[in-house]
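Numbering (UniProt numbering), first residue to last: 1 to 258. For glycine and all other residues, C-beta sits at the position ideal for the given N, C-alpha and C.
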Amino acid sequence: MAYKGDMDTEDLDQLIHSYEYENQNFVKMIEQENQLIKALESQIEESTEDTKRMETDISHFEEETQRLLKQCNINKVNIDSQKKTRGLMCDHEAALLKKLESFKLETAEKQKFYKENIVKYSDIRDDHMRKYRCFPMAIELENKKAEVLSAQELVSQAESTKTSLKEMVAAKEDELNSKVMSRIIVKIAKAKLRTFQLDKEIQECLHQRDALLKQVEDVSHSKLSVQTNDCVHQYSEEIPMETGEESLAPKNSRSPPQ
1 MAYKGDMDTE DLDQLIHSYE YENQNFVKMI EQENQLIKAL ESQIEESTED TKRMETDISH
61 FEEETQRLLK QCNINKVNID SQKKTRGLMC DHEAALLKKL ESFKLETAEK QKFYKENIVK
121 YSDIRDDHMR KYRCFPMAIE LENKKAEVLS AQELVSQAES TKTSLKEMVA AKEDELNSKV
181 MSRIIVKIAK AKLRTFQLDK EIQECLHQRD ALLKQVEDVS HSKLSVQTND CVHQYSEEIP
241 METGEESLAP KNSRSPPQ
C-alpha cells in the first residue's frame with residue numbers, strides 16, 4: 001500500500017510539473033500573442049494612416065481628374081473652333097499670297113518704267129552737258145579755272161623757293177665768321193632782297209588769283225547761268241513730245257520733269 005501511495009505522489013508531481021510546463025508554455029504563447037497583437041495594432045494604425053492618406057490623395061486625384069476633364073472639354077471646344085476657322089485662315093492666306101504676287105508684278109513694272117526714265121534723262125543730261133561745254137562762256141570759265149590752277153601752282157613754287165632761301169640764309173648765318181663778315185653780309189642782303197622780291201611776287205600772284213576767282217564767280221553766277229538756261233530751254237523745245245509715255249506709266253506715279 002505504501003508503494004502505491006508513493007506512485008501516486010510521483011504521478012502527481014509529474015502531473016504538476018507537466019501542468020507547470022504547459023502553463024509556462026501558455027504564458028510564453030500569451031506573451032507572443034500579446035506582442036503579435038501589439039504589432040498587428042501598430043500595423044493597423046499604420047494601415048489606417050495610409051488609408052486616410054490614400055483617401056486624401058484619391059480626393060485630390062478626383063479633383064485633378066475633374067479639372068483635367070474640364071480642360072479636356074475646353075480643348076475639344078477650342079479644337080472644333082480652330083477647325084472651323086482654319087478654312088477661313090487658309091482662304092485669307094491665299095488672298096494675301098495673291099495680293100503679294102500682284103504687288104510684285106506692279107513693282108516690277110514700276111521699276112522697269114523708272115529705269116527707262118533714268119536712262120532717257122541721263123542721255124538728255126549728257127547731251128545738255130556736251131552742248132553746254134561748247135558755249136563760249138563755258139569755255140571761258142574752264143580757261144579761267146585753268147589760269148587759277150596755274151596761279152596756285154606759281155604761288156606754291158614761290159612759297160617753296162622762299163622757304164628754301166630762308167633755310168639757306170639760316171644755314172649761312174650759322175657759318176658767319178669775322179674774316180668773311182662783309183662779303184657774307186652782302187650775300188645775306190642780296191638773299192633778303194631776293195626774298196623780299198619773292199614775297200612781292202607771291203602777293204601779286206595771290207592778288208591775280210583772287211581776281212581770277214572773282215571773275216570765275218561772276219561768270220558762274222551771271223552771264224553763264226542766263227545763257228545756259230536759255231540754251232537748255234531752246235534745246236528742250238526742240239525735243240519732240242512723247243504722247244505715249246504717260247499712258248505706259250503706272251497709276252499714282254509721277255514721272256520726273258524733263
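Our two residues, residue 195 and residue 123, have alpha carbons roughly 54 Å apart in a direct line. Residue 134 sits in coil when the DSSP states are folded into three classes, being neither helix nor strand. Listed in chain order, the non-local C-beta contacts of residue 71 below 7 Å within the same chain number zero, local neighbours out to five positions each way being set aside. Note on geometry: alpha-carbon atoms of residue 46 and residue 32 lie some 21 Å from one another. Distance from the Cα of residue 149 is smallest, within the candidate group 26, 216, 44, for 216.
By the neighbour-count criterion, in which 16 or more other beta carbons inside 10 Å mark a residue as buried, residue 205 falls on the buried side. Taking each of 20, 89, 60, 212 in turn and checking the Cα distance to residue 152, the smallest one comes out for 212. The beta carbons of residue 161 and residue 198 sit about 6 Å from each other, so the pair counts as a contact at 8 Å.
For the pair residue 66 and residue 60, the Cα-to-Cα distance works out to about 10 Å.
Separation of residue 88 and residue 81 (C-alpha to C-alpha, rounded to the nearest whole angstrom) is 11 Å. A direct Cα-to-Cα measurement between residue 86 and residue 101 gives close to 23 Å.
Separation of residue 188 and residue 168 (C-alpha to C-alpha, rounded to the nearest whole angstrom) is 10 Å. Apart from the 5 residues on each side of it in sequence, residue 166 sits with its Cβ closer than 8 Å to the Cβ of 195 in its chain, given in chain order. Between residue 155 and residue 202, the C-beta gap is smaller than 8 Å, which places the two residues in contact. Listed in chain order, the non-local C-beta contacts of residue 210 below 6 Å within the same chain number zero, local neighbours out to five positions each way being set aside. Across the structure, residue 16 and residue 22 are spaced so that their CA atoms are roughly 10 Å apart.
Setting aside the 5 residues that flank it on each side, residue 147 is surrounded in the same chain by 212, each with a C-beta closer than 8 Å to its C-beta; the list follows chain order.
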